[in-house]
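Count the sequence shown with the working numbering and you get residues 580 to 945, in order. A virtual CB, placed ideally from N, CA and C, is assigned to each residue, including glycine. It should be emphasised that the depicted structure is a prediction, and the values quoted were computed from it without experimental measurement.
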Amino acid sequence: MKNEMISVRQGIILIIMFLIGSTFLIGSGGIAKQDAWISIIIAILWACILYLMYSNILSLYPGQDLYDITKLLMGKFIGNIINILMIWFAFHLGTLVLRNLSEFTNALVLPDTPVILPMFFLTILLIWSVKAGIEVLGRWSEFFILVVFIIFISISSLSTSLIDISNLKPILRDGIDPVLKGAFSSFAFPFSEAVVFLMVFSNIAKIKNYKKTFLLGLLLGGGLVFVATFRNILVLGGETISRVYFPSSLVISLIHYGDLIQRLETTVIVEFLVCVFVKISICILAVCNGISKVFGFNDYKFIASPVALLMLSFSLFIFKSTMEMESWASDIYPYYAFIFAVIIPLIIFILAKIKNRNSKTTKVIK
Numbered sequence: 580m581k582n583e584m585i586s587v588r589q590g591i592i593l594i595i596m597f598l599i600g601s602t603f604l605i606g607s608g609g610i611a612k613q614d615a616w617i618s619i620i621i622a623i624l625w626a627c628i629l630y631l632m633y634s635n636i637l638s639l640y641p642g643q644d645l646y647d648i649t650k651l652l653m654g655k656f657i658g659n660i661i662n663i664l665m666i667w668f669a670f671h672l673g674t675l676v677l678r679n680l681s682e683f684t685n686a687l688v689l690p691d692t693p694v695i696l697p698m699f700f701l702t703i704l705l706i707w708s709v710k711a712g713i714e715v716l717g718r719w720s721e722f723f724i725l726v727v728f729i730i731f732i733s734i735s736s737l738s739t740s741l742i743d744i745s746n747l748k749p750i751l752r753d754g755i756d757p758v759l760k761g762a763f764s765s766f767a768f769p770f771s772e773a774v775v776f777l778m779v780f781s782n783i784a785k786i787k788n789y790k791k792t793f794l795l796g797l798l799l800g801g802g803l804v805f806v807a808t809f810r811n812i813l814v815l816g817g818e819t820i821s822r823v824y825f826p827s828s829l830v831i832s833l834i835h836y837g838d839l840i841q842r843l844e845t846t847v848i849v850e851f852l853v854c855v856f857v858k859i860s861i862c863i864l865a866v867c868n869g870i871s872k873v874f875g876f877n878d879y880k881f882i883a884s885p886v887a888l889l890m891l892s893f894s895l896f897i898f899k900s901t902m903e904m905e906s907w908a909s910d911i912y913p914y915y916a917f918i919f920a921v922i923i924p925l926i927i928f929i930l931a932k933i934k935n936r937n938s939k940t941t942k943v944i945k
């Protein structure tokens, strides 16, 4: 992956599409009900601090990814243990997103078709994407982000006739606790998941622009998540978004403009598939890159097929039902993700700062 270079613009777009991924349909911060929009704002502010840390880690070691940096700071043995943990997180995240997609497909798109069929064909495309590399994925995303924006703006505009301002009230009815819980949940999903980019962002056209890439990606992607959440609350109400698994899909089903509704449902499926495709591709790239670094392979692309197929298989059996998946996502996942997205990178960041400071001190003494 060292010879693959992406521009700052492409990096920003990849982060945007990664963040909005499955969030557009599943939603985020629903536990806060009508105050979910406040939770999203708080989560974005927390994520700003996190992304500054991410950009600093990469800026301290230009041309290196998280796997390289970990071994430099902790040594090969301990570094590889940490790397295996991060590989697992990227693999597990990709599996979860695949499962989200399969649930959506089975429930709303192809209810009478065995879910393995569309998922298998998607996996073939994912394998092609990973073998093509992050450069191709970056160029591909530059085109499709326009499609995503057009669909998003169209749906949001058409849903204005369904808006009920009273759905925002009463603000903070249950106090600040549900808002903070919703913020923590939103911080975990989707914002903290961008830790995966530390595993693939070894080369950006202008090294000093890691901060710009992460923060602009967060603000634009987070802004879209906020707008989608705010729209869903205005149309459906807080109680509904806290209970429904696909709130955005329900909003679309309420839009009635003759036969246009059928076309709208088709376009939102396209939007969802495009963003999820990018997110899973990044996860597979992170896993393949990590495995190649741990085992000393010269190229990561030849393991794309087994990794993607294993991810597909795992996604089919990881949960027994949608309810079990939703319960795990709301009760366990925020704390689980915190370990990989915050604690481990924070340790790496502290070690990097200490080593960097010691290196500067040594140079001054000499």
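CB-CB length for isoleucine 636 against leucine 777, believed under 8 Å: 7 Å
* Nearest to serine 607 by alpha carbon, out of Tyr824, Cys867, Ile870? -> Tyr824
**Asked** Can you find at least 3 beta carbon pairs, one from the stretch 767-782 and one from the stretch 662-681, that sit closer than 8 Å?
**Response** yes
Checklist entry - Under 8 Å, do phenylalanine 919 and methionine 632 count as touching if we go by C-beta distance? => result no
Answer yes if the stretch 641-649 comes into contact with the stretch 850-862, meaning at least three C-beta pairs across the two stretches below 8 Å, and no otherwise.
no
Item checked: Cut-off 8 Å between Cβ atoms - residues of its own chain near isoleucine 933, not counting five sequence neighbours on either side -> none
Quick one, which of Arg936, Gln613, Phe898, Thr901 has its alpha-carbon nearest arginine 752's? Gln613
Next on the checklist: According to DSSP, simplified to helix, strand and coil, what is isoleucine 783?
Outcome noted: strand
Residue from Val715, Leu598, Ile755, Ile605 with nearest C-alpha to asparagine 582 = Val715
(Q) I'd like the list of long-range same chain contacts for leucine 689, defined as Cβ closer than 7 Å, with 5 residues on each side in sequence excluded. (A) Pro697
**Prompt:** alanine 762 lies in the alpha helix (DSSP H); which residues open and close that run?
**Reply:** 756-767
*So, are the CB atoms of leucine 598 and phenylalanine 770 less than 8 Å apart?*
yes
Quick one: what does DSSP say isoleucine 620 is sitting in, helix, strand or coil? helix
Check your understanding: Do you know whose CA, among Ala887, Ile617, Tyr912, Val814, lies nearest leucine 704's CA?
Key -> Ala887
Exercise for the section: Give the range of the alpha helix (DSSP H) segment to which valine 830 is assigned. Expected result: 826-833
(Q) From the DSSP secondary-structure annotation, give me the bridge partner or partners of isoleucine 585. (A) Ile783
Report all residues from its chain with a CB closer than 8 Å to the CB of proline 693; omit the five preceding and five following residues, and keep chain order. none
Identity of the residue in Lys748, Trp667, Ile619, Ser900 nearest glycine 869 by Cα:
Trp667
Selected residue, minimal CA-CA separation from alanine 762, among Leu741, Val804, Phe731, Phe728 | Val804
Exercise. Taking alanine 622 as the reference, which of Asn811, Ile848, Gly800 has the closest Cα?
Worked result: Gly800
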